[in-house]
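*Asks:*
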Amino acid sequence: MLEIKDLRKGYNKTKVIKGVNLSVEKGEIHGLIGENSAGKTTLIKCAVGVYKPDEGEVLYDGKPIYDNPTIKEKVGYVADSNEYIGLYTVSRMVDMYEDFYPKFSREKFNEYNEIFKLDVKKRIHSLSKGQKMRLAFMLETSKQPEYLILDEPTSGLDPIAKAKFYELLINEVEHNDIGVLISSHNLEGLERICDSVTMLHKGVVDRQMSMDDMKCELTQLNVVFEGGANKKVYDMPEILRITNVGSIYTLIVRDYDEDFASKLKANGASLVEPLDISLEELFVVLGENNLRNNEE
Amino acid sequence: MIQMDYKSSKPIYEQIIEQMKFNVMKKYLSPGDAIPSVRKLALELKITPGTVAKAYQELERQGVIETIRGKGTFIASELDIKQDDSKIQAIKKRISTEILELKMMGYDKKQTVELVKNIFDEI
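Protein chains in written order, with the numbering used here: chain C, 1 to 296; chain U, 1001 to 1123.
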């Protein structure tokens, strides 16, 4: 298990991570989401042992990762931008990985490259952003790690590569029982693969729960108010957002249940239809709401 | 294999259960056929893995599918779908509201039975 315990990290006087707890079991995919500068990359760099935490600890199966090569061998890390030795060719980089990591599998790299199709004779500085991302993912998974830490791994990937990436990732998790921590702004993708999720906001954990519980928190409703909704409806505290086209209203509400449907009906709704809300929409609505609460 | 209706108010996991059973009844899926893993189906249907896991657990409990560790998930080799009393009661309730509707439109007993027979044969 990967455990991040009461982690704090800052640069000079700026505190970026202000006490974060997080754990990822083997075989689990944990998503890390948050607005720009929420602290995702800093948290991840501490999680892989690039940064030394100011306080708190990062443990893999009970052992700290910082300055610990034996643990680092077990952890694959794909950074948000991956700079390798520019003058090296791809195949020379693969040789280097093979020298460094005892469990590195060249067969696996070649198998993945059948899919991602990088020209191994090319020098790394001539690769595009998306190609560097493919290279990083292939190198790090060919290490046969027990944990994979991914920072925005789909940025720069084209739609076909992105679909392949998700497929390969879930294969790794299912067949090799690896634990994955993945940060991304591609929420539509995360929603489909993550078992649980942490929402980071200004360096602290805003929400941390299973993906299903997260999705249950808010519900989108289609509601018909013939002749328009009355003012009481607009004042209901459960409603986070209300928009309408004619007499069809779209509501986003917190903790929806049958009682709330009855309450709407008592206020003149002739139809109440709950719909699934996407993680993306949920994130946007919660973000707007945080903003509003801060202003008040 | 499975088509979701995201607009339906019926929970997604129930839709999966229903369609998986439909595929089995229609013999589109036979005992021993491999079905996608939880994560694969979630990726394909664009839903959370937890939702698929919930449906699979229920299907497994009802004896429709079985998971063999390290191999995957399959349509149960010995399909024996248990008759569940509480479930039958719930179905009875649903049928009676539908029949009431037919009755109001003037259907008699014979016509209603005929209709049910036809639906039964179709499935």
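Built from N, CA and C at the ideal position, the CB exists for glycine as well.
Please read these numbers as outputs of a predicted model, since none were measured by experiment.
Span of the alpha helix (DSSP H) holding C:Lys242?
*Replies:* Note on residue identity: the sequence assigns Ile, not Lys, to residue 242 of chain C. Not the alpha helix (DSSP H): C:Ile242 falls in the beta strand (DSSP E), residues 239-245.
*Asks:* Is U:Ala1053 near the ligand GTP, judged by its Cβ being under 6 Å from some heavy atom?
*Replies:* Questions concerning the ligand GTP fall outside what the structure shown contains, since it holds no ligand whatsoever.
*Asks:* Quick check: C:Glu217 and C:Glu280, are their CB atoms within less than 7 Å of each other?
*Replies:* Contact: no.
*Asks:* Could you give the residue range of the beta strand (DSSP E) that holds C:Ala269?
*Replies:* Element bounds for C:Ala269: 269-275.
*Asks:* Runs of 3 residues minimum, wholly inside the stretch 157-232 of chain C: which ones carry the beta strand (DSSP E) assignment?
*Replies:* You should have 179-183, 196-201, 204-210, 218-225.
*Asks:* Could you name the residues that DSSP lists as bridge partners for C:Lys299?
*Replies:* An answer regarding residue 299 of chain C cannot be provided, because it is not within the stretch 1 to 296 covered by chain C.
*Asks:* Under 8 Å, CB to CB, which of the residues in the stretch 194-219 of chain C have a partner in chain U?
*Replies:* The stretch 194-219 of chain C vs chain U, Cβ under 8 Å: Cys194, Asp195, Ser210, Met211, Asp212, Lys215.
*Asks:* For C:Pro274, which of C:Gln131, C:Leu221, C:Leu181, C:Leu150 has the nearest alpha-carbon?
*Replies:* Of C:Gln131, C:Leu221, C:Leu181, C:Leu150, the residue nearest in Cα terms is C:Leu221.
*Asks:* From C:Gly56 to U:Arg1094, what does the alpha carbon distance come to, in whole angstroms?
*Replies:* For C:Gly56 and U:Arg1094, the distance between alpha carbons rounds to 56 Å.
*Asks:* Rounding to the nearest angstrom, what Cα-Cα distance links C:Ile170 and C:Leu118 in this structure?
*Replies:* Rounded to the nearest angstrom, the two C-alpha atoms are 22 Å apart.
*Asks:* With 9 Å as the C-beta to C-beta threshold (strictly closer), list the residues of the stretch 1048-1066 of chain U near chain C in chain order.
*Replies:* Of all residues in the stretch 1048-1066 of chain U, Thr1048, Pro1049, Gly1050, Thr1051, Ala1053, Lys1054 have a Cβ within less than 9 Å of some Cβ in chain C.
*Asks:* Would you kindly check if the distance between the Cβ of C:Val16 and the Cβ of C:Thr41 is under 7 Å?
*Replies:* Not closer than 7 Å, so no.
*Asks:* Please decide whether C:Glu174 counts as near chain U, where near means a Cβ-Cβ distance under 7 Å.
*Replies:* It does: the Cβ of C:Glu174 has a partner Cβ on chain U nearer than 7 Å.
*Asks:* Name the chain C residues that come within less than 9 Å of U:Ile1012, Cβ to Cβ?
*Replies:* Going along chain C in sequence order, the residues near U:Ile1012 (Cβ under 9 Å) are Asp276.
*Asks:* Within the same chain, show all residues whose beta-carbon is closer than 7 Å to that of C:Thr154, passing over the 5 residues directly before and after it, in chain order.
*Replies:* Excluding sequence neighbours, C:Thr154 sits near Lys162, Phe165, Ser184, Asn186, Gly189.
*Asks:* Could you tell me the boundaries of the beta strand (DSSP E) in which U:Glu1066 lies?
*Replies:* Start and end: 1065-1068.
*Asks:* Which residues, in chain order, does the stretch 1015-1035 of chain U contribute to contact with chain C at a C-beta distance below 9 Å?
*Replies:* Those would be none; no residue qualifies.
*Asks:* Could you tell me whether the stretch 64-78 of chain C touches the stretch 138-147 of chain C, where touching means 3 or more Cβ pairs closer than 8 Å?
*Replies:* Segments in contact, yes.
*Asks:* Can you pull the chain U neighbours of C:Glu191, defined as C-beta to C-beta under 7 Å?
*Replies:* Result: Thr1048.
*Asks:* Using a Cβ-Cβ distance under 7 Å, would C:Ile170 count as near chain U?
*Replies:* Yes - at least one Cβ of chain U is within 7 Å of the one on C:Ile170.
*Asks:* Using a 10 Å radius around the Cβ and a threshold of 16 neighbouring Cβ atoms, would you call U:Met1001 buried or exposed?
*Replies:* U:Met1001 is exposed by the Cβ-count criterion.
*Asks:* Output, in sequence order along the chain, the residues in the stretch 1089-1113 of chain U whose CB is closer than 9 Å to any CB in chain C.
*Replies:* The stretch 1089-1113 of chain U vs chain C, Cβ under 9 Å: nothing.
*Asks:* Could you pull out every unbroken alpha helix (DSSP H) segment of at least 4 residues lying fully inside the stretch 1023-1095 of chain U, listed in chain order?
*Replies:* Those alpha helix (DSSP H) runs which fall completely within the stretch 1023-1095 of chain U and span 4+ residues are 1038-1045, 1049-1061.
*Asks:* Let's test the definition: count the other Cβ atoms within 10 Å of the Cβ of U:Lys1097 and tell me whether it reaches 16, buried, or not, exposed.
*Replies:* The amino acid occupying residue 1097 of chain U in the given sequence is Thr; Lys does not appear at that position. So U:Thr1097 counts as exposed.
*Asks:* Give me the Cα-Cα distance between C:Lys231 and U:Glu1018, rounded to the nearest whole angstrom.
*Replies:* So the two alpha carbons sit approximately 41 Å from each other.
*Asks:* Output the boundary residues of the beta strand (DSSP E) element that contains C:Leu148.
*Replies:* Element bounds for C:Leu148: 147-151.
*Asks:* Going by C-alpha to C-alpha distance, which of U:Thr1048, U:Glu1044, U:Ile1075 sits closest to U:Met1025?
*Replies:* Measuring from the Cα of U:Met1025, the nearest candidate turns out to be U:Ile1075.
*Asks:* Compute the Euclidean distance between the alpha carbons of U:Leu1057 and U:Thr1051, then round it to the nearest angstrom.
*Replies:* Note that residue 1057 of chain U is Gln in the sequence shown, not Leu. If I take the Cα positions, the gap works out to 10 Å.
*Asks:* Would you check if the stretch 200-207 of chain C and the stretch 17-25 of chain C touch, i.e. whether three or more CB-CB distances between them fall below 8 Å?
*Replies:* With a cut-off of 8 Å, the stretch 200-207 of chain C and the stretch 17-25 of chain C count as touching, because enough Cβ pairs lie within range.
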